[in-house]
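Each remark here refers to the structure printed beneath this line.
Chains as they are written, first to last, in my numbering: chain A, 3 to 332; chain B, 11 to 127.
Okay, here's the thing in structure tokens:
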């Protein structure tokens with residue numbers, strides 16, 4: 003709360019982004035407290051990991067640190083406050099009709115949720131109810147979300163990506179990291195940490211049916227490992243491992259794997275995304291289907307995140323006149 | 011027992027903070043952060059609805075009867091990832107705006123547009 007409040011008054015954009023990271027981490031712990039470990043994991047990886055990095059990348063590109071103070075008329079100051087107060091008051095009035103926090107009689111708990119909790123173990127055969135709802139009961143929704151992510155990734159590529167991708171261009175260090183090159187501690191620590199992060203991503207991916215985790219989280223964690231590597235060792239080193247071409251291919255492959263699983267079940271005589279037909283036993287089919295589509299999700303999410311980061315970073319790298327901007331975070 | 015509603019009030023407060031930043035801020039990055047705060051408040055609204063007294067995380071184990079509602083968790087899980095993807099798109103647009111207008115202050119962009127006509 004306090005961090006959210008502070009973000010209104012801060013004009014230093016760098017501090018603002020850092021505060022936003024802290025805010026997201028606090029939100030993640032809040033989610034854990036509300037019995038949502040899957041969501042907490044996602045929020046921690048995304049809110050405290052990827053979005054601040056992307057925002058910092060933007061700051062490095064647009065090279066202004068603070069928003070100038072603007073003189074405003076009384077009307078311009080009062081109008082937003084008035085609008086916010088009225089909307090807030092209306093919403094608080096509406097909240098009196100809502101069920102109390104954690105009330106077992108609340109409508110949200112009494113329609114479709116009990117079915118998910120009671121039947122998913124027999125129908126899907128995996129303990130993590132979040133994964134079975136995500137991948138099987140509501141597979142259409144998730145497919146749609148994957149397409150949204152894919153589209154956003156293409157959008158970023160179209161806006162930032164293609165200009166500098168000519169071969170033979172020498173990539174210099176990512177603007178923000180030009181000074182990280184001689185930090186021995188960072189090099190050593192990251193060498194130990196990055197394999198562990200990758201390993202953890204795989205664990206989250208393949209153990210996601212039994213414990214908190216799944217394709218979305220694993221994809222994000224996987225991308226974070228590469229981003230960390232890029233920040234410390236520079237873009238050139240990353241391009242040796244994964245080229246932009248490869249990332250684009252995996253991005254498409256992820257979506258196709260998900261959609262293709264649906265088509266396969268269609269050909270085997272079931273409905274679209276009805277995994278029961280994929281194997282002789284419906285439960286085995288469910289397992290197979292969930293593993294396949296979670297893999298598709300992870301591939302798509304990881305490559306979209308990575309390509310987005312590389313777009314921002316690559317754009318900073320080809321304009322060396324902006325290098326001096328990102329050096330000292332004060 | 012009126013305090014049983016406090017989660018909604020926190021959500022509303024945060025939502026209004028984000029809303030305020032979105033309509034008040036002149037700087038486009040601040041606007042994006044405001045949008046993100048707004049978005050987070052919606053996440054909290056959903057997740058707090060899924061909470062249930064005496065419940066635990068929805069990973070089915072023996073000997074546990076009450077679980078939190080998995081459905082809002084699924085919706086929010088995917089929404090978070092979609093949120094960051096759209097945020098990235100917004101930031102990319104900001105970078106291009108900066109390149110075209112050489113500013114990310116809304117009033118200056120508006121001014122430039124006006125003078126062009």
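Yeah, the Cβ is synthetic: ideal placement off N, Cα and C, and Gly gets one too.
Q. Can you tell me whether residue 158/A is buried or exposed, with buried defined as 16 or more other CB within 10 angstroms of its CB?
A. Counting from one through the first chain, the residue named residue 158/A turns up at place 156. When all chains shown are included, residue 158/A counts as buried.
Q | Spatial neighbours of residue 39/B in its chain, beta-carbon cut-off 7 Å, leaving aside the 5 residues before and after | A | By one-based count along the second chain, residue 39/B stands at place 29. Excluding positions up to five away in sequence, the list reads 104, 114.
Q: Take residue 122/B and list the residues in its own chain whose beta-carbon comes closer than 6 Å to its own, dropping the five residues that flank it on each side.
A: Counting from one through the second chain, the residue named residue 122/B turns up at place 112. The answer, listed in chain order, is 111.
(Q) Can you check whether the C-beta of residue 45/A is within less than 9 Å of a C-beta belonging to chain B? (A) Residue numbering aside, residue 45/A sits at position 43 when the first chain is read from its first letter. Yes, residue 45/A lies at the interface with chain B (some Cβ there is under 9 Å from its Cβ).
**Q.** As assigned by DSSP and simplified to three states, the class of residue 77/B
**A.** Locating residue 77/B in the second chain gives position 67, counting from the first residue. Three-state result, residue 77/B: strand.
Q. Which of the three DSSP states, helix, strand or coil, is assigned to residue 115/B?
A. Counting from one through the second chain, the residue named residue 115/B turns up at place 105. The answer is strand: DSSP assigns residue 115/B an E or B state.
Q: From the DSSP output, in three-state form, read off residue 64/A for me.
A: What you label residue 64/A is simply residue 62 of the first chain in a count that begins at 1. In the structure shown, residue 64/A sits in a helix (DSSP, three-state: H, G or I).
Q: For residue 31/A, count neighbouring C-beta atoms within 10 Å of its own C-beta (all shown protein chains included) and say buried if the count is 16 or more, exposed if not.
A: Sequence index remark: in the first chain, residue 31/A carries index 29 (1-based). The residue in question, residue 31/A, is exposed, as its Cβ has fewer than 16 Cβ neighbours within 10 Å.
Q) What do you reckon, are the CB atoms on residue 240/A and residue 301/A nearer than 9 Å? A) For the purposes of this step, residue 240/A is taken as residue 238 along the first chain, with counting starting at 1. For the purposes of this step, residue 301/A is taken as residue 299 along the first chain, with counting starting at 1. In this structure, residue 301/A does not lie closer than 9 Å to residue 240/A by Cβ.
(Q) Can you tell me whether residue 45/A is buried or exposed? The criterion is at least 16 other CB atoms within 10 Å of its CB, across all chains shown. (A) In the first chain, residue 45/A corresponds to position 43, counting from 1. With 16 or more other Cβ atoms within 10 Å, it is buried.
Q: To the nearest angstrom, report how far apart residue 107/B and residue 46/B are at their CA atoms.
A: In the second chain, residue 107/B corresponds to position 97, counting from 1. In the second chain, residue 46/B corresponds to position 36, counting from 1. Rounded to whole angstroms, residue 107/B to residue 46/B spans 20 Å at the Cα level.
Q) Any beta-carbon of chain A closer than 9 Å to the one on residue 73/B? A) Start at 1 with the first residue of the second chain, and residue 73/B comes out as number 63. For residue 73/B, the answer is no, since every Cβ of chain A falls outside 9 Å of its Cβ.
Q: At 8 Å on the CB atoms, spell out the chain B contacts of residue 82/A, in chain order.
A: Locating residue 82/A in the first chain gives position 80, counting from the first residue. Ordered by position in chain B, the residues that pass the 8 Å Cβ test against residue 82/A are 30, 33, 34.
**Q.** residue 15/B: contacting residues in chain A (beta-carbon distance under 8 Å)
**A.** As a working note, residue 15/B is residue 5 in the second chain. Residues of chain A passing the Cβ test: 97, 98, 100, 102, 103.
Q. Taking Cβ to Cβ, would you say residue 154/A is nearer than 9 Å to residue 144/A?
A. Here residue 154/A is taken as the residue at index 152 of the first chain, counted from 1. Here residue 144/A is taken as the residue at index 142 of the first chain, counted from 1. Contact: no.
Q. If you run the structure through DSSP and keep just helix, strand and coil, what is residue 130/A?
A. Against the first chain, residue 130/A aligns to sequence position 128. Residue 130/A: strand per DSSP, three-state reduction.
**Q.** Distance, residue 281/A Cα to residue 58/A Cα
**A.** What you label residue 58/A is simply residue 56 of the first chain in a count that begins at 1. What you label residue 281/A is simply residue 279 of the first chain in a count that begins at 1. The alpha-carbon atoms of residue 58/A and residue 281/A are separated by roughly 47 Å.
Q: Output, in chain order, the set of chain A residues within a Cβ distance shorter than 7 Å of residue 122/B.
A: Reading the second chain from its first residue, position 112 is the one you call residue 122/B. The contacting residues do not exist; residue 122/B stays about 16 Å from chain A at best.
Q) Just reading off the alpha helix (DSSP H) that residue 22/B is part of, what are its end residues? A) Start at 1 with the first residue of the second chain, and residue 22/B comes out as number 12. Segment 16-34, the alpha helix (DSSP H) holding residue 22/B.
Q) Quick one: is residue 119/B near chain A, going by C-beta distance under 9 Å? A) Locating residue 119/B in the second chain gives position 109, counting from the first residue. Not closer than 9 Å to any Cβ of chain A, the Cβ of residue 119/B fails to qualify, so no.
Q | Residue closest to residue 81/B, alpha-carbon to alpha-carbon, out of 75/B, 74/B, 89/B | A | Looking up residue 81/B in the second chain gives position 71. Of the listed residues, the one whose Cα sits closest to residue 81/B is 89/B.
Q: Can you grab the Cα-Cα spacing for the pair residue 274/A / residue 23/A, in whole Å?
A: Numbered from 1 along the first chain, position 272 holds the residue referred to as residue 274/A. Numbered from 1 along the first chain, position 21 holds the residue referred to as residue 23/A. Going by the C-alpha atoms only, they are around 39 Å apart.
Q) residue 130/A versus chain B: which residues are under 8 Å apart at the beta carbon? A) As a first step, residue 130/A is located in the first chain; it is residue number 128 there, counting from the start. What residue 130/A touches in chain B: 68, 69, 70.
Q) Is residue 64/B closer than 9 Å to residue 79/B when the C-beta atoms are compared? A) Indexing the second chain from 1 puts residue 79/B at position 69. Indexing the second chain from 1 puts residue 64/B at position 54. Not a contact, by the Cβ cut-off of 9 Å.
Q) Within 9 Å (strictly less), CB to CB, does residue 52/B reach chain A? A) Residue mapping note: residue 52/B aligns to position 42 of the second chain, counting from 1. No, because no Cβ of chain A sits closer than 9 Å to the Cβ of residue 52/B.
Q | residue 187/A, buried or exposed, once every other Cβ within 10 Å from all chains shown has been counted against 16 | A | As a working mapping, residue 187/A is identified with position 185 in the first chain. Label assigned to residue 187/A: exposed.
Q: Counting only runs of 4+ residues fully inside the region 261-326 of chain A, write out the alpha helix (DSSP H) ranges in chain order.
A: 284-319
**Q.** Straight-line gap, residue 107/A to residue 34/A (C-alpha atoms, nearest Å)
**A.** Start at 1 with the first residue of the first chain, and residue 107/A comes out as number 105. Start at 1 with the first residue of the first chain, and residue 34/A comes out as number 32. Each residue's Cα considered, the two are about 22 Å apart.
Q. According to the neighbour-count rule (16 or more other Cβ atoms, all chains shown, within 10 Å of its Cβ), is residue 27/B buried or exposed?
A. For the purposes of this step, residue 27/B is taken as the residue at position 17 of the second chain. The residue is buried, with at least 16 neighbouring Cβ atoms inside 10 Å.
Q) Would the beta-carbon of residue 16/A fall within 9 Å of that of residue 61/A? A) For this step, residue 16/A is matched to residue 14 along the first chain. For this step, residue 61/A is matched to residue 59 along the first chain. For residue 16/A and residue 61/A, yes; Cβs fall inside 9 Å.
Q) Thinking just about the alpha-carbon of each residue, which of 123/A, 292/A, 109/A is nearest to the one in residue 72/B? A) As a position in the second chain, residue 72/B is number 62, starting the count at 1. If we check each option's Cα against that of residue 72/B, 123/A comes out closest.
Q: Say whether the region 191-203 of chain A touches the region 213-230 of chain A, bearing in mind that this needs 3 or more beta-carbon pairs closer than 8 Å, one atom from each stretch.
A: yes
Q) What does residue 69/B pair with, by DSSP beta-bridge criteria? A) Taking the second chain and counting its residues from 1, the one referred to as residue 69/B is at position 59. Bridge partners of residue 69/B: 130/A.
(Q) Strictly below 7 Å CB to CB, what residues from chain B border residue 39/A? (A) Position 37 of the first chain, counting from 1, holds the residue named residue 39/A. Ordered by position in chain B, the residues that pass the 7 Å Cβ test against residue 39/A are 67.
Q.
Between residue 45/B and chain A, is the shortest Cβ-Cβ distance under 9 Å, so that the two count as touching?
A. Within the second chain, the letter at position 35 stands for residue 45/B. By this cut-off, residue 45/B is not an interface position.
Q: Just tell me which of 316/A, 292/A, 309/A has its CA closest to the CA of residue 125/A.
A: As a first step, residue 125/A must be located in the first chain, where it is residue number 123. Residue 292/A is the option with its Cα nearest to residue 125/A.
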